[in-house]
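Under this note's numbering, residues 48 to 296 are what the sequence shown spells out, in order.
Read through the structure below, which is laid out as structure tokens, and then see the notes.
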Amino acid sequence: MKKRVGFTLQPDVVKQVKALIDENKYSKIIRSFFHGQYELPKNIGELSSFQKVETAAEPIRLDQDTIDLLDEYVKQAKNQGVKANRSLIMRHGFSELLKHLREEEGYKSSQRKRVSFYFPKGTAEALYRYVSRADRNTVVNQFILQEYQPSANTEALKIRPRDTETFIIEMQQEAFDRLDQFVEEFGVKGVTRTALMREAVAQLIEKLSNTTSNEIMVENRLDAAIRDYRETFGHLQLREKLSEYITKG
48 MKKRVGFTLQ
58 PDVVKQVKAL
68 IDENKYSKII
78 RSFFHGQYEL
88 PKNIGELSSF
98 QKVETAAEPI
108 RLDQDTIDLL
118 DEYVKQAKNQ
128 GVKANRSLIM
138 RHGFSELLKH
148 LREEEGYKSS
158 QRKRVSFYFP
168 KGTAEALYRY
178 VSRADRNTVV
188 NQFILQEYQP
198 SANTEALKIR
208 PRDTETFIIE
218 MQQEAFDRLD
228 QFVEEFGVKG
238 VTRTALMREA
248 VAQLIEKLSN
258 TTSNEIMVEN
268 RLDAAIRDYR
278 ETFGHLQLRE
288 KLSEYITKG
């Protein structure tokens with residue numbers, strides 16, 4: 048389900064973008080660009096140059112996946128010291144989209160696209176226990192196309208993780224379309240492409256490990272906490288602390 052979201056953007060940039068694309072595909076192109084090509088600048092300070100520019104209201108039809116992705120970028124920018132909001136991210140996104148359109152002489156969808164998802168923190172590390180980084184795109188795409196079937200528990204699918212990490216996958220168009228087909232078949236608010244991708248990767252991890260993905264991610268977080276404690280307080284104090292917890296148990 049898509050809804051109109053209001054932004055304050057640079058009118059001259061918006062005008063140039065609209066001049067290079069099919070008017071009927073305006074919102075779709077913006078959504079695809081953010082999921083396929085857009086990235087925050089490596090020098091996060093570049094975002095500040097978009098804070099004091101001439102702006103005008105610009106409504107854009109977005110799905111929940113794209114709204115969530117914008118919010119994730121806002122969170123990342125704030126964590127790096129930039130006072131950001133959705134409009135600031137979208138202004139930078141439009142400037143990057145304009146460059147892309149000019150370089151490519153118009154936006155063209157490819158047979159493969161880099162798509163950003165937000166997963167529960169620890170998902171990537173759990174997956175990499177069984178699949179190499181080099182093979183992850185192929186394995187995930189094959190699983191979605193050949194094996195993945197969404198669960199019937201829509202309430203579980205709608206649950207959003209509190210602690211997240213961004214996970215980028217180069218998806219085949221067929222796999223991308225298959226997820227969207229499932230979303231349309233559900234027709235339930237909150238059951239999004241990202242929700243289905245989270246479930247698909249969780250199912251894949253469970254298949255490869257013969258255990259639940261949640262157990263693996265909890266174990267990963269425990270390992271990370273133990274490493275951090277040892278690096279901060281030393282091996283001896285770590286042993287004492289673990290013994291204390293075991294004794295209490």
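Built from N, CA and C at the ideal position, the CB exists for glycine as well.
Short Cβ contact (8 Å threshold) for residue i with residue j
i, j, result
"Met337", "Leu255", "Missing from the structure shown is residue 337; the chain here goes from 48 to 296 and no further."
"Phe141", "Thr113", "no"
"Leu135", "Gln63", "no"
"Leu204", "Glu246", "yes"
"Leu94", "His139", "yes"
"Arg159", "Gln220", "yes"
"Leu285", "Arg277", "yes"
"Tyr165", "Glu212", "yes"
"Glu119", "Phe54", "no"
"Val238", "Thr201", "yes"
"Gln57", "Val121", "no"
Residue i at chain D interface by Cβ criterion, 8 Å
i, result
"Ala247", "Absent here is chain D; the protein component of the structure consists of one chain."
Secondary structure of residue i, DSSP reduced to three states
i, result
"Gln219", "strand"
"Arg176", "coil"
"Lys155", "Low confidence applies to Lys155: its pLDDT is 47, below 50, so where it sits in the model is not reliable enough to give any reading."
"Gly7", "Here the chain has residues from 48 to 296 only, and residue 7 is not among them."
"Pro88", "coil"
"Val235", "coil"
"Lys160", "strand"
"Ile356", "Nothing can be reported for residue 356: it is not among the residues displayed for the chain, which extend from 48 to 296."
"Ala249", "helix"
"Tyr165", "strand"
"Arg183", "helix"
"Lys62", "helix"
"Glu212", "strand"
"Gly83", "helix"
"Ser260", "Reliability fails at Ser260, whose pLDDT of 47 lies under 50, so the model's placement of it is uncertain and the value that follows must be treated cautiously. Helix."
"Lys50", "strand"
Residue i, buried or exposed, once every other Cβ within 10 Å from all chains shown has been counted against 16
i, result
"Asp110", "buried"
"Met137", "buried"
"Gly169", "buried"
"Ala173", "buried"
"Tyr85", "buried"
"Leu192", "exposed"
"Ala131", "buried"
"Arg209", "exposed"
"Asp224", "exposed"
"Ala222", "buried"
"Lys50", "exposed"
"Asp115", "buried"
"Phe280", "exposed"
"Arg240", "buried"
"Ser96", "exposed"
"Ser163", "buried"
"Gly92", "exposed"
Contact the segment 212-220 vs the segment 186-196: 3+ CB pairs below 8 Å:
yes
For the structure I just gave you, are there three or more beta carbon pairs, one from the segment 171-180 and one from the segment 119-128, closer than 8 Å?
no
Any 3 or more C-beta pairs closer than 8 Å across the segment 196-203 and the segment 221-241
yes
What runs of the alpha helix (DSSP H), each 4 residues or longer, lie entirely inside the segment 102-148?
111-126
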